[in-house]
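Notes to accompany the following structure.
Number of protein chains: 2
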Amino acid sequence: METLERKQRSREQTRVGIVLTAKDIARREGWQAVSIRKIADAIEYSAPIVYEYFDSKDILLDEIRNEGFRHLKQEYERIKKVYRDPEKRLFEMSIAQWQFAVEQPEIYQVMYNLNGAYCTIPVCNSVAVEDLSNTIREIIFSFIPKSKESIQKLYFEWWSLSHGMITLAMMLREQQPLELSEQVYRDSIRRFVRGLR
Amino acid sequence: METLERKQRSREQTRVGIVLTAKDIARREGWQAVSIRKIADAIEYSAPIVYEYFDSKDILLDEIRNEGFRHLKQEYERIKKVYRDPEKRLFEMSIAQWQFAVEQPEIYQVMYNLNGAYCTIPVCNSVAVEDLSNTIREIIFSFIPKSKESIQKLYFEWWSLSHGMITLAMMLREQQPLELSEQVYRDSIRRFVRGLR
DNA sequence: TACATCAAGTTAACAGTGTTAAATTGGCGT
DNA sequence: ACGCCAATTTAACACTGTTAACTTGATGTA
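Heads up: the sequence lines are chains E and U, in that order.
With the first letter of the first sequence counted as 1, position 38 gets the number 38 in full-length UniProt numbering; the numbers rise by one all the way through.
With the first letter of the second sequence counted as 1, position 104 gets the number 104 in full-length UniProt numbering; the numbers rise by one all the way through.
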């Protein structure tokens, strides 16, 4: 029975298989097309097996969502190590957010319940989001060490600007080339960051 | 058979009944809960009858969505009549958009495929959106009569700012009171408008 | 009045969804 | 050889969008 550890490893493997498959279907056919049975087929199991790893589809989506937020957080930490200037840091983190949304649109969609992705679990109470928020707020604080409320306001502004441009750029990608949108994004973020000092 | 006109009127009535019911369910239970059968029950018909008015659920959602854009356009026209100053016009239109999103969140959701509302028909090709866009672009043009590309960039900026703040304010309404968000929104829009002259 | 036609509306069905209970299967220890 | 137990599957429920087939009742005509 020394295979217990081995068993746990294979359990973990099918678990990540479920997550991988869900993201794969979402990427190719959109979140609306992601169903438990389709995932089960792909990992060559029957549907109820999926429920041994995730109590509901909602929880599976929540997991993928938080994975996304954690990935972004990691990127932020990497950037923090590379740059010391707060202006540069915030700018690069904004660019990282853009790239993330462009490279993995299906993850960005489930993070914000966009385009058919729908997870009823509230986004904002998660530690992953709180973690991410704190990182940005700290950087803004290093610009202007004001009150918590002022920082929150500025963070809200930054988040809105970034998220708004990303979602609209996605929406308008047929009408307005992504490269143009990115250029406007960079300029706007630069302006915002300059405006902070 | 002079009842033909009468018949057309009742047809129109059940049609708006369908739209009204869909919006009502969406408002109370969210778009995810809106189903053809539930709508049919509410208007006291069987499900296939709904298909005599809308070829698909997608088309019904698209109709509601465009209704929303047209409503907003009407608001813009009203504002254009009241104010002559371009700055004031753009500011008031931004406020109108905020109010619309707050008062009829379910409509705003279906307009942007938010929170479980999902309509596969592309938003941006519709005349309703093009109409709305032109209104704003014209106002921006009256600020700075630059090239079409510059205007488009500024319009994209304005739209992103407005849409981003609205969606995030909705998302954060438990953590951050709507009144605070609205205050930040007003300030940001004011700054944007001032920045145009 | 009897019959045919026709529109309005309904029922029934198909293929799919999330989810759960019940049944099955195969390998292990006794 | 038998019984148990875990792993897995089948079957079911209540839904979904959508469509074909059917019923029903009223109308016009012979």
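Cβ coordinates follow ideal geometry from the N, Cα and C atoms, glycine included.
For chain U, find out if any of its Cβ atoms is closer than 8 Å to the Cβ of residue i; answer yes or no.
| i | result |
| --- | --- |
| L114/E | yes |
| H71/E | no |
| Q104/E | no |
| E2/E | Confidence at E2/E is low in this model, with a pLDDT of 37, below 50, so its placement is unreliable and no value can be given for it. |
| W98/E | no |
| E174/E | yes |
| F91/E | no |
| Q32/E | yes |
| F141/E | no |
| L127/E | First, the amino acid is wrong: residue 127/E is Val here, not Leu. Output row for V127/E: interface = no. |
| residue 209/E | Lying before the first or after the last residue shown, residue 209/E is absent from chain E, which here runs from 1 to 197. |
| S94/E | no |
| S150/E | no |
| S35/E | no |
| S56/E | no |
| S147/E | no |
| S181/E | yes |
| P177/E | no |
Just mark residue i as buried or exposed, buried being the case when its beta carbon has 16 or more other beta carbons within 10 Å.
| i | result |
| --- | --- |
| E174/E | exposed |
| K81/E | exposed |
| E92/U | buried |
| D62/U | buried |
| E157/U | buried |
| E52/E | exposed |
| I144/U | exposed |
| S162/U | buried |
| S150/U | exposed |
| V16/E | exposed |
| V34/U | buried |
| V127/E | exposed |
| Q183/E | exposed |
| M1/U | Low confidence applies here, because M1/U scores a pLDDT of 39, under 50, leaving its location unreliable; read the following figure in that light. Result: exposed. |
| G195/U | exposed |
| R65/U | buried |
| Q8/U | exposed |
| K146/E | exposed |
| E106/U | buried |
| Q109/E | buried |
| Q13/E | exposed |
| residue 200/E | Examination of residue 200/E is not possible in this model, given that chain E is present from 1 through 197 alone. |
Would you say residue i faces chain E, with C-beta separation under 8 Å as the test?
| i | result |
| --- | --- |
| K153/U | yes |
| F192/U | no |
| T167/U | yes |
| G68/U | no |
| L132/U | no |
| M171/U | yes |
| V123/U | yes |
| Y108/U | no |
| L161/U | yes |
| S188/U | yes |
| A101/U | no |
| E157/U | yes |
| V184/U | yes |
| Y118/U | yes |
Tell me, to the nearest whole angstrom, how far the beta carbon of residue i is from that of residue j; I am working on the premise that it is less than 8 Å.
| i | j | result |
| --- | --- | --- |
| I140/U | R89/U | With 8 Å as the limit, I140/U and R89/U do not qualify as a contact, their Cβ atoms being about 10 Å apart. |
| I18/U | I43/U | 6 Å |
| F100/U | E75/U | 7 Å |
| K38/U | I25/U | 6 Å |
| Y155/E | S133/E | 7 Å |
| G164/E | M111/E | Actually they do not touch by this definition, with Cβ atoms about 15 Å apart. |
| V102/E | L178/E | 7 Å |
| G30/U | N113/E | Not confirmed; about 11 Å, so no contact. |
| G123/E | M171/U | Inspection of the sequence shows that residue 123/E is occupied by Val rather than by Gly. Going by Cβ atoms, the distance from V123/E to M171/U rounds to 6 Å, so yes, they are a contact pair. |
Starting from residue i, trace the alpha helix (DSSP H) both ways and give me its first and last residue.
| i | result |
| --- | --- |
| Y155/U | K148 to M171 |
| T135/U | V127 to F143 |
| Y112/E | Premise fails: Y112/E is in no alpha helix (DSSP H) and is neither H nor E. |
| I189/E | L178 to L196 |
| R89/E | P86 to E103 |
May I ask whether a heavy atom of the ligand HEM can be found less than 7 Å away from the beta carbon of residue i?
| i | result |
| --- | --- |
| V129/E | In the structure shown, the ligand HEM is absent, as is every other ligand, since no ligand is present at all. |
Counting only runs that start and end within the UniProt domain "HTH tetR-type" (12–72) of chain U, where is the beta strand (DSSP E) found for 3 or more residues in a row?
none
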